[in-house]
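Structure record follows, encoded as structure tokens.
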Amino acid sequence: QVRLVESGGGLVQAGGSLRLSCVSFGSIFSINAMDWYRQAPGKQRELVASITSGGSTNYTDSVKGRFTISRDNAAKNTVYLQMNSLKPEDTAVYYCNANINLNTYWGQGTQVTVSS
330 QVRLVESGGG
340 LVQAGGSLRL
350 SCVSFGSIFS
360 INAMDWYRQA
370 PGKQRELVAS
380 ITSGGSTNYT
390 DSVKGRFTIS
400 RDNAAKNTVY
410 LQMNSLKPED
420 TAVYYCNANI
430 NLNTYWGQGT
440 QVTVSS
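Under the working numbering, the residues of the sequence shown are numbered 330 to 445, in order.
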């Protein structure tokens with residue numbers, strides 16, 4: 330049984346920073362892309378950032394230059410999202426998504442709230 334566990338969310342003032350973590354547990358034979366999504370109240374879930382097994386990254390335009398996605402180089406089962414210069418519009422539940430053993434898994438989500 331594979332599961333993803335996120336942590337690091339919280340309440341921060343505009344301009345502040347947070348670092349989200351997502352750890353994969355279980356019988357893992359392969360991990361391909363790992364992504365961060367977010368869903369704000371009343372909005373659709375959107376892809377924020379992604380990173381391939383080779384380390385290539387992509388970001389949605391609204392977070393470019395502010396957010397950085399990375400993976401644990403040793404364990405390969407952990408993905409991070411460093412969020413700087415946070416804005417109120419970044420407020421959302423952030424979800425980790427990963428392609429593990431050729432299946433897609435989601436974490437339970439972690440709340441990020443940015444106050445103005």
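Ideal Cβ positions, reconstructed from N, Cα and C, are used throughout, including at glycine.
Quick one, are the C-beta atoms of residue i and residue j less than 9 Å apart?
i	j	result
residue 425	residue 347	no
residue 369	residue 335	no
residue 374	residue 441	no
residue 421	residue 408	no
residue 443	residue 342	yes
Let's test the definition: count the other Cβ atoms within 10 Å of the Cβ of residue i and tell me whether it reaches 16, buried, or not, exposed.
i	result
residue 332	exposed
residue 353	buried
residue 431	exposed
residue 344	exposed
residue 513	The structure shown does not extend to residue 513, since the chain is modelled only from 330 to 445, so the question has no answer here.
residue 429	buried
To which residues does DSSP link residue i through a beta bridge?
i	result
residue 421	441
residue 396	412
residue 368	422
Since residue i contacts residue j with CB under 8 Å, what's their CB separation in whole angstroms?
i	j	result
residue 338	residue 423	6 Å
If contact is defined by three or more beta carbon pairs under 8 Å, each pair taking one atom from either stretch, is the segment 429 to 437 in contact with the segment 376 to 393? no
Take every Cβ of the segment 358 to 367, pair it with every Cβ of the segment 397 to 414, and state whether three or more of those distances are shorter than 8 Å. yes
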